[in-house]
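In terms of the numbering used here, the sequence shown opens at residue 2 and continues consecutively. By construction, the Cβ of each residue, glycine as well, lies at the ideal position given by its N, Cα and C atoms. Down below is the structure, laid out as structure tokens.
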Amino acid sequence: MTTIAIDGPAAAGKGTLSRRIAEEYGFHHLDTGLTYRATAKALLDRGLPLDDEAVAANVARTLDLGGLDRSVLSAHEIGEAASKIAIMPAVRRALVEAQREFAGRKPGTVLDGRDIGTVVCPDAAVKLYVTASADVRARRRYNEIVANGGMADYDAVYKDVRRRDERDMGRADSPLRPADNAHLLDTSEMSIEAAFSAAKSIIDAVLKH
Ligand code: DC
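In structure tokens, the structure reads:
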């Protein structure tokens with residue numbers, strides 16, 4: 002049973018990369034950001050507060066990993082709300098338990114998020130920390146919004162990326178940081194294709210042993 006842990010800040014390209022890697026090795030994939038997003042969306046939909054830890058943890062405990070769909074969870078407000086409830090230890094405990102259970106699936110799994118290599122799967126066979134400069138990440142996010150027919154203001158997107166980084170890296174419980182034995186992959190000047198081959202070389206080298 003093999004687990005590949007992929008962490009990194011918002012808009013670093015982890016999602017696309019993780020899906021490609023899971024496909025390549027025939028592994029199950031879990032985008033753990035969706036578990037935080039789905040919990041946040043359930044609170045918003047029911048008109049429940051985002052700052053009540055017990056209420057949010059109750060919702061987190063009833064989450065069904067089978068029903069996660071990025072297309073209904075991608076809204077910006079949901080991402081913001083997810084990052085707010087992600088600072089709550091009781092919410093994290095509930096979601097981490099479900100994520101660990103997923104990580105045990107055969108023949109192997111790819112989990113991506115913020116704390117996979119450090120907290121969720123500290124024994125993962127391979128750990129990647131995927132990053133890119135804040136400017137590159139904001140530019141990619143901006144292009145994605147425009148390509149989907151939306152309106153965006155680059156400066157606002159950039160500020161958003163920085164604010165999300167501060168919240169994800171600055172929280173006390175499971176802050177975003179590279180695990181000690183993570184392989185760093187800076188994709189600032191890489192295409193998706195180049196990032197995928199770099200990741201594949203790292204993974205193949207580890208799995209061969
Ligand atoms: O990757 P994303 O934008 O879908 O994640 C949304 C928020 O969820 C992110 O800002 C912080 C939180 N998150 C987390 O705390 N731990 C994870 N493993 C994944 C996401």
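For aspartate 187, the closest C-alpha among the options Val131, Arg62 and Glu78 is that of Val131. Under DSSP, the beta-bridge partners assigned to tyrosine 130 are Asp8 and Leu185. Alanine 23 counts as buried, since no fewer than 16 other beta carbons sit within 10 angstroms of its beta carbon.
Residues Arg165, Arg168 and Asp169 of the same chain have their beta carbon placed closer than 7 Å to that of serine 84, with the five preceding and five following residues left out of the count.
Per DSSP, histidine 77 has no beta bridge partner at all.
Relative to the Cα of aspartate 70, the nearest Cα in the group Ala91, Tyr37, Asp53 and Pro108 belongs to Tyr37. For the ligand DC, no non-hydrogen atom lies closer than 7 Å to the CB of aspartate 166. When the Cα atoms are used, glutamate 81 and histidine 184 turn out to be separated by approximately 28 Å.
With a cut-off of 7 Å, the C-beta of glycine 14 is classified as distant from the ligand DC, since no heavy atom of the ligand falls inside that distance. Look at leucine 49 here: in three-state DSSP terms it is coil, with no helix or strand label. For threonine 17, the enclosing alpha helix (DSSP H) begins and ends at 15-26. Within its own chain, the residues whose Cβ lies closer than 7 Å to the Cβ of alanine 99, once the five positions on either side in sequence are excluded, are Thr36, Leu64 and Leu66, listed in chain order.
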